[in-house]
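Protein chains in written order, with this note's numbering: chain A, 1 to 288; chain B, 1001 to 1751.
What follows is a short report on a single structure.
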Ligand SMILES: Cc1cc2nc3c(=O)[nH]c(=O)nc-3n(C[C@H](O)[C@H](O)[C@H](O)COP(=O)(O)OP(=O)(O)OC[C@H]3O[C@@H](n4cnc5c(N)ncnc54)[C@H](O)[C@@H]3O)c2cc1C
């Protein structure tokens, strides 16, 4: 196994482009090292991106948007004084991952690129409209988070491409987000269903919404019909029921040891309602 | 048998000092199974079957053996020829077959070969070079399917004499017991309820995986260091499996990171010794968590039918049950125990119970706290709860009305001596928990539970030092704070401070035979042995004082750590402290020690009653346990904190078993959840504070009144939680675990 710790993303990209066999980037390592030790994936090349300048920075840009370095950890996000008041849903979703120890290492980018349909931060990022910068042999481009996963363990990144930054849009006024997941226990578990909701209000009426589902299909989903169900409403019972129905209808889950198809489909609707209510309350400036 | 030398006033017993091993454990100084190393040590790894049932056609180890880092490869041929006998009579053969497969791999994870190499990585890599040719056979993992006429036969001839003719060969033992006339009893009932229940296998879930270091020479002399609940059984079994003399193998028990019954047998220990004998070097073997799940004892899974008749006033007129337990590909599922314990809490005129021990293509079940009893209690106590609901009766009143007491003929045969079931029920009724209001969406459940408890072969030696301190050697590995309890009991007899007594779990070469730390026997049996050994030493101390004072030994008694004249007629001498006697012992007759070697028989059965509140989310089926109270008879709590720990641990494990823990097999017969991510034991935040009430109804069979408490605590939780959940959800849950998908489906079925 070859281990590299490049000083720039261009170098990281070149190393990956020229590597043979199995390549992994090493961010927090909470997936990579676990998979290595359990002999699921033994990389031939390991490229540690944590030595690149600025990779742990969390920056609020002049326009109110945010740029996060790809090695910023869950703990650093939770402890940031302002990020959580702009994007409580994204921060909470990341904070749900693992234990205190895991929080000290795990990153948004690692969670995204590991490609698990149940990854907790991904539905929250999709709902929030997060994009990532992808640096490759041909330069850098911006890609929406929902374009990255293509199936369990698979991403749309091609050989030599590395994510170099995470960009969260400006929150703006009268808006809120939330993420909820269902697990059979209270922590240290993997989502059986995950729902991210972000919305904006004009008065009591929802004017913009993005709803994303996790763990109910081969990839995290951005569900237009869910957004349609609540846009224009005051999130009354009829709108919530329509939201739940749209969420359940979008599910394409599997029966497995973690949950049945019927269960996932039903609970996706339940959580969509509950997450929407929290996001709505937050948009109104209420504590939730 | 009642003892006439009972004690009821205590100085040390009943206090709560820190455990002597506590500092070692919190500072990392304690040595667990994987913490031992030896010069020249090799690392072992085990190749395991990926098939649930397959004939082993050929094993080619030549490529692995050719590696320079590999120093030995073993297969079944490297073990002794232990003769096959049916049922549990052939337990050595069963263990051998489990430790290393013979003609067939019998479950996913069954060991088929092992290597020892210069590093753990090299050993793992070498496994990949071993070529095994399998002929895959049809498999069965479900207990009811394993009994069906068309089920694949796991092993012909494994059934013992007890099995009635015409049963499938996978049924290997049969138990039937009871008394009275159940048909007549059902005829007298106002309400008869019949129902069926299913529980999945669960793992003991100890945090420390199995680990050992073995050294065996070609001269037949060996050393073994391992994490175990009983090193003498490890010694005896390994010696038999390797064809060496028992006494030539010295076994030392490491500190143990949990066992719960699962470390009462051997898995990797004989393999490490076989590898060592071949390589002529020490070999260390450490299981991964996945190996622990796939190849060490989970508990049995169960399928059960219950029928109970009750009068309108709650009197039970008759009860019968059929209990089918699946214990993996070997005899040993505790169908008999389930049957015997199921109705043991009740004073019944008419009762009948049948138990089956059934084999299936799963790992060999191992004991798990009160093996077999929790499943039976789940089925029986669920039916009683449902009957209380139907008849509008209070569940504790109904249990009190039918409760067994001193003199009751137990459902499994004997008459009870003094027992404490009624006291636990009275305490439950009086507990504020039982009358606390419930919020909407919450339900309350209660259940009783019973376990036999065990005595077992026991040896203890207590040696006094010149400075007046004492060293106590016991042979029962400390799995729950027993060293503290032993020191308290010795302190009580000797009259010297707790801190002046060091308790050591001695190795097999240092002490006589000891049974395993199981059957809730340690505080009872090693405790009784400690008291007797201390009294033996006290006799000698009194003799020395008598000689010094020149009075008869009968005129000396032992009080507060001193020899004193027994009365005014005996003479006027100042009390002679223990340390004064031991300071001169070399000159007054030599070292002073006390011994005990026997099999205490008066373990004293134990009962408990649990109260649980649960809240069910009607939209997701998720259960939260909001309040939990354990009430159990401890006879006498030697160290109350560790008694409470046993109670709380039972509740915590019961919550896991009831709500989320289960062995999940795919269509292919392979275990799908062999890591803690998907095998869901409760995490700390899943549990409420678990309240405890220690009831003390002294056991007549122990000098201080002790009853074992290690196992009864796991018996009521499954039923108590199921009753709480069923009452909260408004639908009777008959299958464990009550995972959210199952509860949500039950709610939907119920409309
Ligand atoms: C105990 C435990 C509990 C966990 N609980 C949860 C949970 O509750 N929810 C959940 O969703 N996950 C959970 N996880 C999984 C894991 O912690 C998360 O997926 C985490 O966010 C991964 O981040 P990382 O930085 O550690 O990724 P790494 O392990 O470093 O990398 C993961 C993947 O991302 C790729 N990668 C990393 N950085 C880049 C980059 N810059 N460009 C391109 N590819 C990159 C790597 O090649 C690798 O394939 C848990 C893990 C553990 C060990």
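C-beta atoms are modelled at their ideal positions from N, C-alpha and C, and glycine is treated no differently.
Small disclaimer: the values here were computed from a predicted structure and weren't measured.
Neighbours of residue 1531 of chain B in chain A, taken as residues whose beta carbon is under 9 Å from its own, are absent, since the nearest beta carbon is some 43 Å off.
For residue 277 of chain A, no Cβ of chain B is located within less than 7 Å of the residue's own Cβ.
If you compare the alpha carbons of A:160, A:166 and A:173 with that of residue 15 of chain A, the shortest gap goes to A:160. Looking at the DSSP output, residue 82 of chain A shares a beta bridge with no other residue. Around the C-beta of residue 1414 of chain B, fewer than 16 other C-beta atoms lie within 10 Å, and the residue is accordingly described as exposed. In this structure, the C-beta of residue 1675 of chain B stays at least 6 Å away from each heavy atom of ligand 1.
By the 16-neighbour rule on beta-carbons within 10 angstroms, residue 1371 of chain B is buried. Counted as a single uninterrupted DSSP element, the alpha helix (DSSP H) harbouring residue 1540 of chain B occupies residues 1527-1549. Note on the segment 1460-1527 of chain B: whole alpha helix (DSSP H) runs with a minimum of 4 residues are 1482-1494, in chain order. When C-beta distances to chain B are compared with 8 Å, every residue of the segment 63-93 of chain A stays at or above that value. The segment 1590-1599 of chain B makes no contact with the segment 1692-1709 of chain B, as fewer than three CB pairs between them are under 8 Å. For a cut-off of 8 Å, the C-beta gap from residue 1089 of chain B to residue 1160 of chain B is around 7 Å, short enough to register as a contact. Between residue 1299 of chain B and residue 1202 of chain B, the alpha-carbon positions lie close to 5 Å from each other. In terms of side-chain proximity, the C-beta atom of residue 49 of chain A is found nearer than 6 Å to a non-hydrogen atom of ligand 1. If you draw a straight line from the Cα of residue 68 of chain A to the Cα of residue 222 of chain A, it is about 22 Å long. The beta carbons of residue 28 of chain A and residue 119 of chain A sit no closer together than 7 Å. Identification of residues in the segment 1620-1643 of chain B having a C-beta nearer than 8 Å to some C-beta of chain A yields 1620, 1621 and 1622, given in sequence order. Each of B:1111, B:1502, B:1748 and B:1445 was checked against the Cα of residue 1461 of chain B, and the nearest Cα belongs to B:1502. Look at residue 260 of chain A: its C-beta is under 7 Å from a C-beta on chain B. Residue contact with chain A for residue 1741 of chain B: present (Cβ-Cβ distance below 7 Å to some residue of chain A).
Three or more Cβ pairs closer than 8 Å define a contact, and the segment 1470-1480 of chain B meets that threshold against the segment 1516-1533 of chain B. Looking at the DSSP output, residue 1613 of chain B shares a beta bridge with B:1444 and B:1627. Only residues of its own chain outside the window of five on either side were considered, and among them 1197, 1323 and 1379 have a CB closer than 6 Å to the CB of residue 1304 of chain B, listed in chain order.
The beta-carbon distance between residue 1446 of chain B and residue 1427 of chain B, rounded to whole angstroms, is 12 Å. This is too long to meet the 8 Å contact definition. Closest by C-alpha distance to residue 1496 of chain B, out of B:1458, B:1580 and B:1422, is B:1580. A straight-line Cα-Cα distance of about 37 Å links residue 1179 of chain B and residue 1435 of chain B. Within the same chain, 1605 come within 6 Å of residue 1452 of chain B by CB-CB distance, once the 5 residues on both sides are set aside. Contact with chain B is found for residue 188 of chain A, since one of that chain's Cβ atoms lies less than 7 Å from the residue's Cβ. Within the segment 142-192 of chain A, the complete beta strand (DSSP E) segments of 3 residues or longer fall at 149-151, 162-168 and 175-182, listed in chain order. In the three-state reduction of the DSSP assignment, residue 1371 of chain B falls in the coil class, being assigned neither a helical nor a strand state. Taking 3 residues as the shortest admissible run, the segment 1155-1219 of chain B contains the following complete beta strand (DSSP E) segments, listed from N- to C-terminal end: 1171-1179, 1191-1199 and 1211-1216. Chain B has a Cβ within less than 7 Å of the Cβ of residue 185 of chain A.
Closer than 6 Å to some heavy atom of ligand 1: that describes the Cβ of residue 163 of chain A.
The Cβ atoms of residue 216 of chain A and residue 169 of chain A do not sit closer than 7 Å to each other. Not one heavy atom of ligand 1 lies closer than 6 Å to the C-beta of residue 1009 of chain B.
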